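Heads up: the structure comes next, in structure tokens.
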Amino acid sequence: MAQRVSHYEIEERIGSGGFATVYRARDTRKGETVALKMLHPHLAANPALVDRFRREMLVAARLYHDNIVRILDFGEAEGVPFLVMEYLPRSLDKVLRQQGPLPVEEAVDIAIQVLRALDCARERDVIHRDIKPQNVLVAADGTMKVADFGLAKALDISSSLSSQVIGSPHYMSPEQALGRPVDIRTDLYSLGAMLYQMLAGRVPFDADTSFVVVQKLYLLVLSFILCKTMRWISSEEIISYG
Ligand SMILES: Nc1ncnc2c1ncn2[C@@H]1O[C@H](COP(=O)(O)OP(=O)(O)O)[C@@H](O)[C@H]1O
Ligand SMILES: [Mg+2]
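Residue 619 is where the sequence shown starts when you use the numbering used here, and the numbers rise one by one after that.
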């Protein structure tokens, strides 16, 4: 692996997700530590995807908000698209694994910060599509910052469920899992699942395999629709279900 990407010096491999590998790197021009995210080579080989990536990053880089991880730069190195962000090594996922369920005030405060990020994005017609604790990063002062805006759309996450690109369907809305068109409500669904996890210490729908999680979800939605149609239960009862 090249030790240098553009004017960024790679220092350490942080981790890898479904689409990319993330490195801690040093911006040699500014002397700052950054997070450099490089698309997996097999995705970089798809010209349509690379094109979409470029377009989505142009939009995402314009999202300036306290609760959104700043995109500092993006480009291509030897045909492989990369993204440079502010470096934030702590994620909500790690916080939840270390601390388990959070106090109600803290969980609600985090949810509100994520909502602020979503609201800012909504003003620019940007839907996140991959809201999950791994994409909520914690700044040094404790502020929550949502990462990876635009990435899911660039990589067409909704149609890739079966191709194993996504690690976890736990936060995915039914319409997204079905590959249907999505709007802001898909992010609200994911935030709801995340809030549930922050409070209960576990995700609302869990199973050993992704397939079973999605099946459980369908079953629940179907039974609710059925109950509503047959007037078996009231909306209040549905809301109080969880
Ligand atoms: N801006 C960042 N600063 C520091 N670490 C990051 C940053 N963005 C992502 N990471 C870390 O890199 C790893 C891979 O991230 P990513 O490719 O986005 O996959 P996922 O979001 O599915 O975990 C994760 O461990 C994540 O915490
Ligand atoms: Mg991520």
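For each residue, glycine too, the CB sits at the ideal point set by N, CA and C. The structure displayed is predicted, hence computed values, not measured ones.
Residue i and residue j: beta carbons closer than 8 Å?
{"i": "Ala739", "j": "Phe767", "result": "yes"}
{"i": "Tyr626", "j": "Ala653", "result": "no"}
{"i": "Val764", "j": "Val713", "result": "no"}
{"i": "Val687", "j": "Glu704", "result": "yes"}
{"i": "Val754", "j": "Leu710", "result": "yes"}
{"i": "Val839", "j": "Pro787", "result": "no"}
{"i": "Ile749", "j": "Leu667", "result": "no"}
{"i": "Tyr789", "j": "Ala811", "result": "yes"}
{"i": "Leu835", "j": "Phe823", "result": "yes"}
{"i": "Glu696", "j": "Lys771", "result": "no"}
{"i": "Pro721", "j": "Gly819", "result": "no"}
Using CA atoms only, rank isn't needed, just tell me which of the options is closest to residue i.
{"i": "Phe637", "options": "Gln815, Leu806, Leu661, Met790", "result": "Leu661"}
{"i": "Gly649", "options": "Thr639, Glu629, Gly633, Lys655", "result": "Glu629"}
{"i": "Arg742", "options": "Gln717, Ala679, Ala695", "result": "Ala679"}
{"i": "Thr646", "options": "Arg715, Leu706, Val640, Ser624", "result": "Ser624"}
{"i": "Arg734", "options": "Gln752, Glu793, Val722, Leu681", "result": "Leu681"}
Got a sec, what are the start and stop residues for the beta strand (DSSP E) residue i sits in?
{"i": "Arg734", "result": "Where Arg734 is concerned, there is no enclosing beta strand (DSSP E), although the alpha helix (DSSP H) it sits in stretches over 722-740."}
{"i": "Leu654", "result": "650-657"}
{"i": "Tyr642", "result": "Here residue 642 is Arg; the residue named in the question, Tyr, does not match the sequence. Looking at the DSSP string, the run of the beta strand (DSSP E) that includes Arg642 is 638-645."}
{"i": "Leu624", "result": "Note that residue 624 is Ser in the sequence shown, not Leu. No beta strand (DSSP E) holds Ser624; DSSP gives it neither H nor E."}
Excluding five sequence neighbours on each side, which residues of the same chain lie with their C-beta closer than 6 Å to the C-beta of residue i?
{"i": "Arg622", "result": "none"}
{"i": "Ser828", "result": "Pro787"}
Span of the alpha helix (DSSP H) holding residue i?
{"i": "Leu714", "result": "710-717"}
Please go through the same chain and pick out, in chain order, the residues whose beta-carbon is closer than 7 Å to the beta-carbon of residue i, but skip the five residues on each side of it.
{"i": "Val698", "result": "Met656, Leu657, Pro659, Ala662"}
Exercise. Whole alpha helix (DSSP H) runs in the region 661-702 with 4 or more residues, listed along the chain?
Worked result: 665-678
Problem set entry | Contained alpha helix (DSSP H) runs [length at least 4] in the region 742-823, N- to C-terminal order | 769-772, 792-795, 802-818
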